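Trainee:
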Ligand code: SF4
């Protein structure tokens, strides 16, 4: 096992790879959702009893206190960290422990998954090596976070892979096989035989924000190509742009997640699209930088407007969303400094009014600008001439149950969480984050929205 903080290329050098022998492996990149942000908490997590287990996950457990108590009372296990994966792993390991260890069967493994899914609430897409037995993948009963399975045929027979997104299969010459569905478990035994079980499936609640922002454009999630969905998101924004009476000279994107929606909008309103903000690709995503100061610094160094395109023009700038408003304001200022006469800020997501508790660490309600301010106030704060948000009904129509794709989670836009009542959990993470993040963006807007600029 090898772990570290930083980009994969910084952490993994050839000398580390050489040491990782065997025919099964798992890898993981993450930013912190639950628990502190240090390399000890980098995944995979391992345990050696009752079998060697190495587990990774994508998501967030929301009843970790209950699970930690249960682990202690029922199985006499004390988790070592505050990480939610540890709870999933020890619950699963403890359930395996009660089986006949000499004759562990696929049924036993699926039984342990079933109990784990019953006890652990939240979002999790997991992959686990069970040493000496095989590779297991399973999701939470709602299937909130994506998990896909791929296959490659080799002269020695098929090999398999699981991943959060299908993109990596293209690089590795794997064929996409299928999504691992809500509550489903897939186990590949040592003879490469594939076993499936639909265990605790509930009505699906796929994260719609993966389609809007988080997933890579070339991924296919639940049968939908992300790039195509983003074009559609842009096209349906055309109605709101027309309703607002806006006639931009040019549509531009905030690179790079705004690109497909911007091009879709430009096409729909018959206005030229240009890439007028150039991104420095050596900077990370501002969204996942853990501090406000760090995020602003990334935006400042990351984006450079092309004055020749922008000067003297009315610009419609499309971003995937407006979270705290600080990044949006910086972008509007950049465009004005480059000579834009008017700036319309267009969000391909509806207003984000509730925090995500399922593994996308966007912000708490106090930080979410749309949870605290009206559209007019937001417009003044980000210093735009007009702010346009995606219509929630349009978004829900787009991702409505059709073509067998199932339901989606819209909780960050509606406050209705598919796992049910979460007030206690929200209070807890608010307290936890206050202790970790003293600087709050929206809180620092003051109780009153800032005065509008001349624009
Ligand atoms: S709350 Fe939003 S970001 Fe979180 S899973 Fe639901 S749709 Fe995705």
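In our numbering, the protein residues as written are 1242 to 1696.
Virtual Cβ for every residue (Gly too), placed ideally from N, Cα, C.
Source: prediction; values computed, not measured.
(1) Please work out which residues of its chain come closer than 7 Å, Cβ to Cβ, to residue 1423, disregarding the five sequence neighbours upstream and downstream, and give them in chain order.
(2) Could you check what DSSP says for residue 1375 in three-state terms: helix, strand or coil?
(3) List the residues that DSSP assigns as beta-bridge partners of residue 1286.
(4) Which two residues bound the contiguous beta strand (DSSP E) that contains residue 1588?
(5) Taking all protein chains shown into account, decide if residue 1242 is buried (16 or more other Cβ within 10 angstroms of its Cβ) or exposed.
(6) Measuring alpha carbon to alpha carbon, tell me which of 1265, 1260, 1631 and 1344 ends up nearest residue 1376.
(7) Under 7 Å from any heavy atom of the ligand SF4, does the C-beta of residue 1450 make it?
(8) Terminal residues of the continuous beta strand (DSSP E) containing residue 1546?
(9) Below 8 Å, how does it come out for the stretch 1365-1373 and the stretch 1303-1317: are there three or more Cβ pairs, yes or no?
(10) Answer yes or no: do residue 1639 and residue 1477 have a C-beta to C-beta separation smaller than 8 Å?
(11) What do you get for residue 1357, buried or exposed, if any count of 16 or more other CB atoms within 10 angstroms of its CB means buried?
(12) Assign residue 1309 to buried or exposed, taking buried as 16 or more other Cβ atoms, counted over all protein chains shown, within 10 Å of its Cβ.
(13) Measuring only from the beta carbon, is residue 1601 closer than 7 Å to any heavy atom that is part of the ligand SF4?
(14) Find the nearest neighbour of residue 1698 within the set 1501, 1404, 1437 and 1553, judged by alpha-carbon distance.
(15) Pick out the complete alpha helix (DSSP H) segments inside the stretch 1587-1671, 4 residues or longer, and give them in chain order.
(16) Using a Cβ-based criterion (distance less than 7 Å to any ligand heavy atom), does residue 1610 qualify as near the ligand SF4?
(17) Starting from the N-terminal side, write out each stretch of the alpha helix (DSSP H) that is 4 residues or longer and does not extend beyond the stretch 1338-1392.
(18) Would you call residue 1668 buried or exposed, if buried means 16 or more other Cβ atoms sit within 10 Å of its Cβ?
(19) Provide the residue(s) that pair with residue 1448 in DSSP beta bridges, ordered along the chain.
(20) Would the beta-carbon of residue 1651 be found less than 7 Å away from any heavy atom of the ligand SF4?
(21) Where does residue 1255 fall in DSSP's three states?
(22) Run through DSSP, which three-state label would residue 1458 get?
(23) What is the residue span of the beta strand (DSSP E) that residue 1518 lies within?
Mentor: Checking against the coordinates, here is how it stands:
(1) In the chain shown, counting from the first residue as 1, residue 1423 sits at position 182. 1380, 1382, 1383, 1384, 1442, 1443 and 1445.
(2) As a position in the chain shown, residue 1375 is number 134, starting the count at 1. Residue state, collapsed to three classes: strand.
(3) Walking along the chain shown from the start, residue 1286 turns up at place 45. Its beta-bridge partners are 1296.
(4) Here residue 1588 corresponds to residue number 347 of the chain shown, with the count starting at 1. Run containing residue 1588: 1583-1588, per the beta strand (DSSP E) assignment.
(5) To locate residue 1242, count along the chain shown from 1; it is residue 1. Under this definition residue 1242 is an exposed residue.
(6) Taking the chain shown and counting its residues from 1, the one referred to as residue 1376 is at position 135. Minimum Cα distance to residue 1376 is reached at 1265.
(7) The residue given as residue 1450 occupies position 209 in the chain shown. Yes, the beta carbon of residue 1450 sits closer than 7 Å to at least one heavy atom of the ligand SF4.
(8) Counted from its first residue, the chain shown places residue 1546 at position 305. Where residue 1546 is concerned, the enclosing beta strand (DSSP E) stretches over 1544-1546.
(9) no
(10) Counted from its first residue, the chain shown places residue 1639 at position 398. Counted from its first residue, the chain shown places residue 1477 at position 236. Yes.
(11) Looking up residue 1357 in the chain shown gives position 116. Counting Cβ neighbours within 10 Å, residue 1357 comes out buried, since at least 16 surround it.
(12) Counting from 1 along the chain shown, the entry for residue 1309 is found at position 68. Its Cβ being crowded by 16 or more others within 10 Å, residue 1309 is buried.
(13) Here residue 1601 is taken as the residue at index 360 of the chain shown, counted from 1. Yes.
(14) Residue 1698 cannot be examined here, being either before or after the span of the chain that is shown, 1242 to 1696.
(15) 1610-1613, 1616-1623, 1633-1639 and 1652-1655
(16) In the chain shown, counting from the first residue as 1, residue 1610 sits at position 369. No, the ligand SF4 has no heavy atom inside 7 Å of this Cβ.
(17) 1347-1360
(18) Numbered from its first residue, the chain shown carries residue 1668 at position 427. The residue is exposed, with fewer than 16 neighbouring Cβ atoms inside 10 Å.
(19) Counting from one through the chain shown, the residue named residue 1448 turns up at place 207. In DSSP, residue 1448 forms a bridge with 1650.
(20) For the purposes of this step, residue 1651 is taken as residue 410 along the chain shown, with counting starting at 1. Yes, Cβ of residue 1651 sits closer than 7 Å to a heavy atom of the ligand SF4.
(21) For the purposes of this step, residue 1255 is taken as residue 14 along the chain shown, with counting starting at 1. Of the three classes helix, strand and coil, the one that applies to residue 1255 here is helix, per DSSP.
(22) As a working note, residue 1458 is residue 217 in the chain shown. The answer is coil: DSSP assigns residue 1458 none of H, G, I, E or B.
(23) The sequence position of residue 1518 within the chain shown is 277, counting from 1. It spans 1518-1520 - the beta strand (DSSP E) in which residue 1518 sits, taken as one unbroken run.
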